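Taking it in order: structure first as structure tokens, then the write-up.
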Amino acid sequence: MKVKEKFEEMIEKEGACHLTLIDPDEQTPKESVKMAKEAEEAGTDGIMIGGSGVDQDSTRKTCRAIKKATDIPKIIFPGDTSSINKHADAIFFMSLLNSRSRYWLSMAQAFGSFSVKKAGLEPISVGYLILESSNKTSVEFYGDANIIPRDKHKITAAFCLAAQYMGMDYAYLEGGSGAAEPVPNKTIKLIKSQTEIPLIVGGGIRDGKTAKEKVKAGADIIVTGTIAEETNDVKKKIREIVKGTKSGK
Ligand code: 1GP
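Residue 0 is where the sequence shown starts when you use numbering that gives the first Met the number 0, and the numbers rise one by one after that.
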């Protein structure tokens with residue numbers, strides 16, 4: 000079964016999915032494997048590998064090691080075309096919809112398309128949006144983003160509806176990795192009332208209560224990354240967040 004179908008089935012049956020993001024730049028491949036295995040045991044539904052500005056060699060090595068060690072879907076979360084490699088099941092084939100740069104809107108996608116095909120990765124198209132955060136995040140810097148202010152819910156919803164109309168599989172609301180505040184519930188609610196494609200929400204989610212709140216507001220997929228790097232008990236923390244995610248709807 001394709002990864003996208005798997006997630007859709009899960010959203011239907013369990014209300015929402017949880018994905019654990021692993022940044023290959025933050026630890027060795029061996030440490031990343033340990034993290035991925037503990038997250039899998041804790042019930043996470045998939046592992047995303049990548050981040051802004053990740054090193055090509057460590058991404059490939061980390062993907063290869065995690066692929067061997069876990070059974071749940073592995074999805075590349077590309078920082079650029081250099082993140083593409085064959086050691087995963089799928090890739091979030093993203094267009095940064097609020098970027099000022101044509102590179103992140105469609106050029107990087109063109110540069111990477113043949114490599115994705117060659118690697119045999121399932122492309123899951125994602126309309127990616129970066130929302131305002133209290134601190135300037137790496138993705139905002141690299142992505143040359145025309146940041147959407149936190150209180151401009153309608154603008155964010157308009158971009159998500161546009162993503163749906165352009166035929167994208169998912170919309171992804173990015174608060175920024177390590178953001179002090181996650182994406183507002185009001186924004187999520189408005190998007191959910193206007194769109195039909197699954198909504199991914201990530202950035203600054205650190206506990207089960209917040210994950211539950213975001214799912215209740217309308218998120219279909221919750222992404223957490225930084226918290227797994229910060230905690231000293233990955234299994235316990237991810238279990239708490241998965242529980243929150245699955246009880247939100
Ligand atoms: C970042 O949305 C993800 O791209 C996850 O963010 O690292 O803050 O959990 P955190």
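Backbone N, C-alpha and C define an ideal beta-carbon position, used for all residues, glycine too.
None of the values given here were measured: they were computed from a predicted structure.
Inset, instruction - Could you check what DSSP says for Val138 in three-state terms: helix, strand or coil? - result: Helix.
Inset, instruction - Using a threshold of 8 Å, state whether the C-beta atoms of Leu198 and Leu160 are closer than that. - result: When the beta-carbon positions are compared, Leu198 and Leu160 stay at least 8 Å from each other.
Inset, instruction - Closer than 7 Å by C-beta to Arg63: which residues in its own chain qualify, once you throw out the five before and the five after it? Chain order, please. - result: His86.
Inset, instruction - Please specify which runs of the alpha helix (DSSP H), each continuous and at least 4 residues long, are wholly inside the stretch 112-158, giving them in chain order. - result: Runs found: 137-141.
Legend entry - Ile74 versus Ile46, Ser81, Asn84 and Ser98, residue with shortest Cα-Cα distance: The alpha carbon of Ile74 has as its nearest neighbour, out of Ile46, Ser81, Asn84 and Ser98, the alpha carbon of Ile46.
Legend entry - Inter-residue Cα distance where the pair is Lys208 and Met9: Rounded to the nearest angstrom, the two C-alpha atoms are 20 Å apart.
Inset, instruction - Compare the C-alpha of Gly224 against each of Asp24, Glu11 and Arg149 and name the closest. - result: Among Asp24, Glu11 and Arg149, the Cα nearest to that of Gly224 belongs to Asp24.
Legend entry - For Leu160, the residue or residues it bridges with in DSSP: In DSSP, Leu160 forms no bridge with anything.
Inset, instruction - Label Thr155 either buried or exposed according to how many other C-beta atoms from any shown protein chain fall within 10 Å of its C-beta, with 16 as the threshold for buried. - result: By the beta-carbon neighbour count (other beta carbons within 10 angstroms, threshold 16), Thr155 is buried.
Legend entry - Separation of Ser132 from Ala38, as counted between CA atoms: Their Cα atoms are separated by approximately 27 Å.
Inset, instruction - Please indicate yes or no: does the CB of Glu229 lie closer than 7 Å to some heavy atom of the ligand 1GP? - result: Not so, every heavy atom of the ligand 1GP lies at least 7 Å from the Cβ.
Inset, instruction - Along the beta strand (DSSP E) that carries Lys36, what are the first and last residues, could you check? - result: Looking at the DSSP string, Lys36 is not in any beta strand (DSSP E); the run it does join, the alpha helix (DSSP H), is Pro28 to Glu40.
Inset, instruction - Would you mind stating whether Gln163 and Thr194 have Cβ atoms separated by less than 8 Å? - result: Their beta carbons are under 8 Å apart, which means Gln163 touches Thr194 by this criterion.
Legend entry - Three-state class that DSSP yields for Ala89 in the structure shown: DSSP places Ala89 in strand when its eight states are reduced to three.
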